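2 protein chains.
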Amino acid sequence: MQATRLDMARIRAARRVIDPVFLDSPLYRCEALEPTLGCTLNIKLETANPVRSFKGRGTEVVADQLARGNSRAVVCASAGNLGQALAWSGRHRDLDVTVVASRFATPAKLDRIRALGATLELVDGDHELARERAAAIAQYDGIRLLEDSLDLETCEGAATIGLELLDSFGPYDDARPVVLIALGGGAMATGIGYVLKALTPYVDVVCVQPYGAPAMTRSWHQRRVVSTETAVTIADGVAGRHPIPEVLDDLLAVADDAVLVQESSIITAIRLLHDHAGLIAEPSAALGIAAILEDPARFADRPVTTIICGSNVDQAKYRTWI
Amino acid sequence: MQATRLDMARIRAARRVIDPVFLDSPLYRCEALEPTLGCTLNIKLETANPVRSFKGRGTEVVADQLARGNSRAVVCASAGNLGQALAWSGRHRDLDVTVVASRFATPAKLDRIRALGATLELVDGDHELARERAAAIAQYDGIRLLEDSLDLETCEGAATIGLELLDSFGPYDDARPVVLIALGGGAMATGIGYVLKALTPYVDVVCVQPYGAPAMTRSWHQRRVVSTETAVTIADGVAGRHPIPEVLDDLLAVADDAVLVQESSIITAIRLLHDHAGLIAEPSAALGIAAILEDPARFADRPVTTIICGSNVDQAKYRTWI
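Residue numbers (our numbering), protein chains in the order written: chain L, 1 to 322; chain U, 323 to 644.
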C-alpha cells in the first residue's frame, strides 16, 4: 500500500477517546437478503446510537481535542449528519458549535442539530456553498474549522469501524471478501480502507457513489481531482461536487475500485433493507446494497460487508421509497 | 426480594455460552422521542442480530446444553421469534429442530424458520394449541420440549439483557429509574426483573401487555393464574392465554407493576419509533412506548429504559401502521 495521511497508532488512540456508545456497533450476517443479492451479506450497523450515523466516531475525536485546548468553538459545514454528531459531541464537552448547512438539507437532520443546542446557519445553495461559508466564519471568528474528510480526525474516527471488521474475515480461500463503502467526501472510505489495506490487504475495498454525484469516483478513476457542476441525488450525505486533493490521494492508495449506482437502485436497496433486514437506511447507507443489485455477478457467492452508515431520513420521502 | 427460580451464577454462566452476536446490544439515549414522551428515554435494541429479536440469547443456552448431551432433537411452540432463534442456534450446532406454530402466525417469521432449516409444523388454532401439539410431539418422539418462560434457559438468556442494563442507571436521586418490559409468557420480564431486583432494587420494573391478551397481567394483579378465552392483539409475540404457574410466581417476586395498553397506543408507538428513532419495531417491541403514551404523568421526567425486543413484522400490516 502507498503511504496515506493515516496512521494506525493514531487510529487506535482515537478509539480510546470515543464515547463507547459509538463503538463496537452490531456486525452480523443478514441471511434474509442473501437470496435476492446472491452473496453472503454482513451488515455493520452504524445507526443504533444517539445520532443515528457513524459520524459520532469522528466528532468525538475532534471534540476531545478541543476540550483539552484553549479554543472551545468550532464550525463545520454539513449535510446534516456531521453537524448533528458535532453538536452531540460538543454539548457533552461544553463546546460552542456552529453548523452551516444548505437550506435544502433533510429537515429532520436540521431539527436534530438545533435540538442538540448547536447554532445552525443555512445557506441558499448546496453543500459546497455551506463549505465556503463555514470557512469564512472560521476565519472571521478565529475558531476551529472542522472540514469533513480533510481533517484527519474525521477519517480516524471512521477508521475505527475498520478495526471492528477485522475479526469478521474468514481465511482467504477463493472467494475474496469485499467491503462496500459509501463514498462522499471520502472520510469513511479512506479511513476504513486504510485499516483494511494495512491489516487485511486481501480484502477488496469498493467505494460506491450515485451517478448523480460522481465527483470523487470520477476523480479516483482519472487519478486527478474532477469537479462536477451539479450534485443531484437522493443520497444527500454524499452529494459533494469538489473533491479534496489530499483525500483523493489517500483514496487512490486504499481503494480497489469506485463504482456509480442509479437512483432507482438506491431506492430498491432502501426497500430491501426495510422489508428483509428490518432496517431504516438513509440513501447513502443503501449505496452498498445498490452496488450489489447493479452488478450481482461481481459479488456472487462472495462474503460482502456493507456499512449501514446512517438512518436519518426525510420520513415523507421514505414512505414513498418503501 | 422473594426467591425465584432464577440464580445469578447461572445467568452469568449463560452469558458465557451465548454467541457474542447476541450480547452487548446497543443501549443509548433517544432524545428525539423525549419531547413527545416527557421522560428521559433509553433504548435497549435487541433487533440488530441474525434473528432480529432477543430470543437468540435463550436458545443459545438451550442449544449449547443439547449439543453437549446425547439427545440432539428439540421441539418448541412459537409465535415465530423463539422458533426462528432456536432454528438459528440449532443449525449452528447441527441439532434437529422442530417448530410448531399457529397457521395465523406472522408469515415473515414462518418463512425465516423454514429458511433456517427447521421443520415447521402449523396448527389450525392459536398459540395455545401449538403449545399442546409441541408437547405431544416431544412425548411421542421422546425429544426435548423447549417451553418458553417455563424452561429456565429462556429466562436466563433474557436475564443477560438485565446484566447489560446495570451500568446505565445513575445515582438514585428523586427520579426513580424505570424499565418497561413487554410481558407475554414472562421469560423476559422474570429474567430481566430478577437481575434488576437483585442488583439495583431501586429500579422500577413495569411489565406491559395489550388489553387484548391480558392473561399474565390479570394473573399478576390477582396473584393467581387467570386464563382468558381469547387473545386478540396485533402484538403476536405476547398473545398467550394460559399463564404458567411457576412463571407467575417468579413474576410476583420481581415486578413492581403490570399494565395493559390499547391497540391504538401500540400502533402510535410503532409510528413514533419509526419516525423519531429510525427503528422498525414489531408490536410487542413497542409496548413500552405505548405504556408511556397512556400514562405520561407516571413517567414524567424519569429515566425510562425500554427493550426493543423484536423487529419481525408483517410488512403489509407495518405499512398501514406507519
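All residues carry an ideal CB built from backbone N, CA and C; glycine is no exception.
These numbers come from a predicted model, not from an experiment.
**Item:** Completely contained beta strand (DSSP E) runs for the stretch 40-120 of chain L, where each covers 3 or more residues
**Value:** Residue ranges of uninterrupted beta strand (DSSP E) with 3 or more members, entirely inside the stretch 40-120 of chain L and ordered along the chain, are 40-45, 73-77 and 96-102.
**Prompt:** What separation, rounded to the nearest whole angstrom, lies between the Cα atoms of L/R144 and U/D416?
**Reply:** So the two alpha carbons sit approximately 57 Å from each other.
**Request:** For the stretch 182-245 of chain L, list the beta strand (DSSP E) runs that are entirely contained and at least 3 residues long, ordered along the chain.
**Result:** Listed in chain order, the beta strand (DSSP E) elements of length 3 or more contained wholly in the stretch 182-245 of chain L are 204-210.
**Item:** Any chain L beta carbon closer than 8 Å to U/A440
**Value:** Cβ-Cβ to chain L under 8 Å: no for U/A440.
**Message:** According to DSSP, L/L33 sits in a beta bridge with which residue or residues?
**Reply:** The partner list for L/L33 (beta bridge, DSSP) is empty, contrary to what the question assumes.
**Request:** Find out if the Cβ-Cβ distance for the pair U/L609, U/V583 is shorter than 8 Å.
**Result:** Between U/L609 and U/V583, the gap from beta carbon to beta carbon is short of 8 Å.
**Item:** Amino acids of chain L, ordered along the chain, whose beta-carbon sits closer than 8 Å to that of U/G637
**Value:** Looking at the sequence provided, one finds Gln at residue 637 of chain U rather than Gly. In chain order: H274 and D275.
**Item:** Boundaries of the alpha helix (DSSP H) in which U/A580 is found, first to last residue
**Value:** Note, U/A580: premise wrong, no alpha helix (DSSP H); beta strand (DSSP E) at D579 to V583.
**Message:** Distance check for L/K55 and L/D141, CA to CA, integer angstroms please.
**Reply:** For L/D141 and L/K55, the distance between alpha carbons rounds to 25 Å.
**Prompt:** Relative to chain A, which residues along the stretch 332-348 of chain U have a C-beta separation below 8 Å, given in chain order?
**Reply:** Chain labels in this structure do not include chain A; the protein chains are L and U.
**Candidates U/G391, U/V373 and U/R425: closest to U/A409 by CA position** = Of the candidates U/G391, U/V373 and U/R425, the residue whose Cα lies closest to the Cα of U/A409 is U/V373.
**Request:** Rounded to whole angstroms, what's the CA-CA distance from U/I333 to U/L345? Just pull it up for me.
**Result:** Each residue's alpha carbon lies about 13 Å from the other.
**Prompt:** So which residues on chain L does U/R434 lean against when the C-beta distance must stay under 8 Å?
**Reply:** Residues of chain L whose Cβ lies closer than 8 Å to the Cβ of U/R434 are, in chain order, A32.
**Message:** What does DSSP give as the partner residue(s) for L/G310 in the beta ladder?
**Reply:** DSSP lists L/S53 as the bridge partner or partners of L/G310.
**Prompt:** Does the beta carbon of L/A138 sit closer than 8 Å to a beta carbon anywhere in chain U?
**Reply:** No, L/A138 lies away from the interface with chain U (no Cβ there is under 8 Å from its Cβ).
**Message:** With distance defined between alpha-carbon atoms, name the residue in U/K366, U/D448, U/A407 and U/D470 nearest to U/G439.
**Reply:** Here the closest residue by C-alpha is U/A407.
**Asked** Looking at L/M8 and L/A253, is the spacing between their C-beta atoms short of 8 Å?
**Response** In this structure, L/M8 does not lie closer than 8 Å to L/A253 by Cβ.
**Asked** Of all the CB atoms in chain L, is at least one closer than 8 Å to the CB of U/L408?
**Response** Chain L contact via Cβ: absent.
**Request:** Compare the beta carbon distance of L/P61 and L/G157 with 8 Å and say whether it is the shorter of the two.
**Result:** Looking at the sequence provided, one finds Val at residue 61 of chain L rather than Pro. One thing to note: L/V61 has its Cβ within 8 Å of the Cβ of L/G157.
**Item:** Separation of U/P499 from L/D111, as counted between CA atoms
**Value:** C-alpha separation (whole angstroms): 28 Å.
**Request:** Please report how far the alpha carbon of U/P348 lies from the alpha carbon of L/G237, in whole angstroms.
**Result:** Using only the alpha carbons, I get a separation of about 24 Å.
**Within chain L, partners of U/T369 - CB distance below 8 Å** = Here the neighbours are G278.
**Request:** Tell me, please, which residues DSSP counts as bridged to L/V247.
**Result:** Partner(s): none; L/V247 has no beta bridge.
**Request:** Could you pull out every residue in the same chain whose Cβ sits closer than 6 Å to the Cβ of L/D64, ignoring the five residues on either side in sequence?
**Result:** Same-chain partners within the cutoff: V17.
**Item:** 8 Å Cβ cutoff, U/R415 in contact with chain L
**Value:** Chain L, which has no Cβ nearer than 8 Å to the Cβ of U/R415, makes this no.
**Item:** L/R144: first and last residue of the uninterrupted beta strand (DSSP E) it sits in
**Value:** Residues R144 to L146.
**Prompt:** From L/R302 to U/E551, what does the alpha carbon distance come to, in whole angstroms?
**Reply:** Roughly 51 Å between the two C-alpha positions.
**Request:** Please list, in chain order, all residues of the same chain as L/G193 whose beta carbon is under 6 Å from its beta carbon, the five residues on each side excluded.
**Result:** Excluding sequence neighbours, L/G193 sits near V205, V254 and A255.
**Message:** Checking 8 Å against the spacing of the C-beta atoms, do U/S411 and L/G278 come in under that value?
**Reply:** Cβ atoms of U/S411 and L/G278: not closer than 8 Å.
**Prompt:** U/T539 to L/R5, Cα distance in whole Å?
**Reply:** Spanning the two alpha carbons is a distance of roughly 60 Å.
**Item:** 8 Å Cβ cutoff, U/R374 in contact with chain L
**Value:** Taking Cβ atoms only, chain L reaches closer than 8 Å to U/R374, which makes this a yes.
**Asked** Contact between the stretch 486-496 of chain U and the stretch 424-432 of chain U: three or more CB pairs below 8 Å?
**Response** Verdict: no, contact absent.
**Request:** Kindly say whether U/A437, judged by its beta-carbon, lies nearer than 8 Å to any beta-carbon of chain L.
**Result:** So, interface residue.
**Message:** Using a 10 Å radius around the Cβ and a threshold of 16 neighbouring Cβ atoms, would you call L/D148 buried or exposed?
**Reply:** With 16 or more Cβ atoms within 10 Å of its Cβ, L/D148 is classed as buried.
**Request:** Please report how far the alpha carbon of L/A198 lies from the alpha carbon of U/T512, in whole angstroms.
**Result:** So the alpha carbons of these two residues sit roughly 47 Å apart.
**Asked** Hey, how far is the Cα of U/T590 from the Cα of L/L120?
**Response** Looking at the two C-alpha atoms, the distance is approximately 31 Å.
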